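K.L.:
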Amino acid sequence: MKEAEAGEGKSESGERHFSISSAHARGGPKGGFRNHGLCICAIQTLESSTDHIVSQSQLPEVAAPLEIHFAGAATQSPSESKFVAQSSAGASFTSAILVIEELAKVDPSVSVLCDVHNTLVNTILRHYATPELREKYMPQLSADKLGSFCLSEPNSGSDAFALKTTATKSADGSHYVINGSKSWITNSAEAGLFLVFATSDASKGYKGISCFLVEKEMGVEIAKKEKKLGIRASSTCTLNFDNVKVPAANLIGEEGKGYKIAIEILNEGRVGIAGQMVGLAQGAFNKAVPYTFQRQQFGQAVGSFQGMQMQFAEIATEIEAARLLTYNAARLKEEGQPFTKQAAMAKWYASVVAQKASGAAIEWAGGVGFTREVGIEKFWRDSKIGAIYEGTSNIQLLTIGELGDKRQIGDVQ
11 MKEAEAGEGK SESGERHFSI SSAHARGGPK GGFRNHGLCI CAIQTLESST
61 DHIVSQSQLP EVAAPLEIHF AGAATQSPSE SKFVAQSSAG ASFTSAILVI
111 EELAKVDPSV SVLCDVHNTL VNTILRHYAT PELREKYMPQ LSADKLGSFC
161 LSEPNSGSDA FALKTTATKS ADGSHYVING SKSWITNSAE AGLFLVFATS
211 DASKGYKGIS CFLVEKEMGV EIAKKEKKLG IRASSTCTLN FDNVKVPAAN
261 LIGEEGKGYK IAIEILNEGR VGIAGQMVGL AQGAFNKAVP YTFQRQQFGQ
311 AVGSFQGMQM QFAEIATEIE AARLLTYNAA RLKEEGQPFT KQAAMAKWYA
361 SVVAQKASGA AIEWAGGVGF TREVGIEKFW RDSKIGAIYE GTSNIQLLTI
411 GELGDKRQIG DVQ
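Heads up, the sequence shown is in this note's numbering, so the first residue is 11 and it goes up one at a time.
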């Protein structure tokens, strides 16, 4: 089923069907990435690798290097930066969100790989790193080296800054020694660069947290790989740091500013997760609806029954609403306006819609939807993480409530 510009179209058999087109299909900023050769190649490789991803819970050898390179090609860069010429794209934040959405239509695992690399790692380096660090590491991130964001710990989840990992500065001030563990770290098995948050001054509480850029070769130990319900091709591991020596020059921003960096950047990450959930919902929708027009019951296509049509219309509308919330948050971010509340709204609602759409898609496909044969059930398994990472759904609702007038939340920035 090809995506139509309008909400209704016809299948090859002449049956009517509902469809949604994304900004990518319509052409986003500068035409979006949907028509970018590398994006198309990445998506086609994913589509041909779906069976391997489902059965092996990892990217096949032929796909992994391409997807990592594509994540770098989508790297955001300010237009005035000399790094634009060194990266493949010099993309805007909105373009990165569009890429995340488009990839999630095929496989949300790869989508989050691109999301963490761009909205978290790359953004922190661009905004807070010294010119020397940017000059050294940005070309690597825009080529073939993947980034990972290391904040969570075994006893530090929603209470994100109850960190036990420490960073002790040497007597001569030349380096820090990092000790501790990080858990639930995305991209950890494939990453070459890690942004690590650690306590450099315990006496100051959360104001004693600092951020460091750590190369894998400095001694990062990739420990346990989690066996997850969904996004299985995305590596999620425990990392151990045992007297890892990091140059003082690899401190990101000022000492003790790690809390501020993480808080500000997680807002962007939440928009990225919203984009992932929108793409996931659309991917499940796009797989299930065509099948309902192929399957015949009572002498007609299942999808042609009015009851089914109304379900399609409801889910289609909710996906579009989640998409617009996401794009609006991205727009506000690019315009330099406050977007914390809008990011929380987008992430919360897109996560709700992703679970609803993928669950409905399984039911629309019936028994086949419950099997691994067509891959619809994978979208449902992948959808659950949206309510958990980058801040749980309850945290998003608390954020929305705190930033809004209790009588009229939507009118207060």
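In this text, a Cβ means the ideal position worked out from N, Cα and C, and glycines have one as well. Computed from a predicted structure; not experimentally measured.
(1) For the candidate residues A172, A243, Q352 and P257, whose alpha-carbon lies nearest to that of S180?
(2) Where in the region 137 to 164 do unbroken runs of the beta strand (DSSP E), each at least 3 residues long, occur, reported from the N-terminal end onward?
(3) Assuming S198 contacts S210 (C-beta within less than 8 Å), just tell me the rounded distance between them.
(4) Please return the same chain residues whose Cβ sits closer than 7 Å to the Cβ of S403, not counting the five positions on each side in sequence.
(5) Do you know whose CA, among Q365, K214 and A340, lies nearest D392's CA?
(6) Go ahead and pull the three-state DSSP assignment for P118.
(7) Shortest alpha-carbon distance to K155 belongs to which of A356, L203, K388 and K192?
(8) Can you give the beta carbon distance from T196 to T246, rounded, assuming they're within the 8 Å contact cut?
(9) Check whether the Cβ atoms of S213 and A294 lie closer than 7 Å to each other.
(10) Taking buried to mean at least 16 other C-beta atoms within 10 Å of its own C-beta, is P164 buried or exposed?
(11) Nearest by alpha-carbon distance to K267: which of E142, G215 and I232 is it?
(12) Between the Cα of G229 and those of N253, F222, P300 and S244, spot the shortest distance and give me the residue it belongs to.
(13) Out of K115, G309, T336 and S191, point me to the one whose CA is closest to T248's CA.
(14) For the alpha helix (DSSP H) holding K357, just list the boundary residues, first then last.
(15) I need the straight-line Cα distance from A201 to P348, nearest angstrom please.
(16) Following the continuous alpha helix (DSSP H) through K270, name the residue where it begins and the one where it ends.
(17) Taking the straight line between their C-alpha atoms, what separation do you get for G263 and G167?
(18) For T209, write down the residues that DSSP places opposite it in a beta bridge.
(19) Considering only residues of the same chain and omitting the five flanking positions on each side of S193, which have a CB-CB separation below 7 Å?
(20) Looking at the structure shown, is Y337 part of a helix, part of a strand, or coil, going by DSSP?
(21) Report the three-state DSSP secondary structure of T246 (helix, strand or coil).
(22) Whose C-beta lies closer than 6 Å to the C-beta of A114 among residues of the same chain, with five residues either side of it excluded?
(23) Put E227 into one of helix, strand or coil per three-state DSSP.
(24) I'd like the list of long-range same chain contacts for K443, defined as Cβ closer than 6 Å, with 5 residues on each side in sequence excluded.
(25) So which of E324, L276 and R305 has the shortest CA-CA distance to N132?
(26) Tell me, to the nearest whole angstrom, how far the beta carbon of A284 is from that of T336; I am working on the premise that it is less than 8 Å.
(27) For L239 and K343, I'd like the C-alpha separation in whole angstroms.
(28) Mapping DSSP to helix, strand and coil, what is S105?
(29) Pull up the distance between the alpha-carbon of I329 and that of N189, whole angstroms please.
(30) Below 7 Å CB to CB, which residues in the same chain sit around A370 once its five sequence neighbours on both sides are set aside?
(31) Relative to the alpha-carbon of E265, which residue among H185, L130, G379 and K394 has its alpha-carbon at the smallest distance?
P.N.:
Looking at the coordinates:
(1) P257
(2) 157 to 160
(3) Incorrect: roughly 22 Å between the Cβ atoms, too far for contact.
(4) W358, S361 and A397
(5) Q365
(6) helix
(7) L203
(8) 6 Å
(9) no
(10) exposed
(11) G215
(12) N253
(13) S191
(14) T350 to A375
(15) 31 Å
(16) G268 to Q304
(17) 23 Å
(18) T176 and I219
(19) S162, E163, P164 and T248
(20) helix
(21) strand
(22) S121, Q286, G289 and L290
(23) helix
(24) The requested residue 443 does not occur in the structure, where the chain is confined to residues 11 to 423.
(25) L276
(26) 4 Å
(27) 32 Å
(28) helix
(29) 44 Å
(30) Q321 and I325
(31) H185
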